[in-house]
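*Asks:* Here you go, one structure.
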Amino acid sequence: MEAYVGLTSGWRILSIYLALAAWVAGAVPVYVDKSGVLHALPRVALRAEDLPRELLYREDGRPRRWFEELSRSGQPSSSL
1 MEAYVGLTSG WRILSIYLAL AAWVAGAVPV YVDKSGVLHA LPRVALRAED
51 LPRELLYRED GRPRRWFEEL SRSGQPSSSL
């Protein structure tokens with residue numbers, strides 16, 4: 001069974017978070033444009049090395065909590 005997550009709020013940050021959550025959950029994020037046409041969003045490769053350092057580490061150099069938890073899970077590089 002395939003799962004889909006519908007996104008209708010444009011490209012605001014919430015839509016980006018929902019798309020990431022869909023990819024992580026194994027669902028297909030689908031964007032619904034103003035005319036009602038569905039567009040399946042492609043999966044993208046996302047690795048920690050691709051992210052800005054400011055997202056991964058606090059000003060004091062320690063890893064941010066979400067990054068620390070992801071690293072502990074044994075998957076510091078994740079394909080979303």
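Counting from 1, position 5 in the sequence shown corresponds to residue 5 in UniProt numbering; the numbering is continuous, with no gaps.
Where is the CB? At the ideal position from N, CA and C, for every residue including glycine.
Provide the residue(s) that pair with Tyr57 in DSSP beta bridges, ordered along the chain.
*Replies:* Pro63
*Asks:* Which residues in the same chain have their Cβ closer than 6 Å to the Cβ of Glu54, if we skip the five residues on either side of it in sequence?
*Replies:* none
*Asks:* Counting C-beta neighbours from all protein chains within 10 Å, is the total for Ala19 16 or more, i.e. buried, or is it exposed?
*Replies:* buried
*Asks:* Taking the C-alpha atoms as reference points, what is the distance between Leu14 and Asp60?
*Replies:* 28 Å
*Asks:* Which of the three DSSP states, helix, strand or coil, is assigned to Glu68?
*Replies:* helix
*Asks:* How about Arg64 and Leu56: are their beta carbons less than 8 Å apart?
*Replies:* yes
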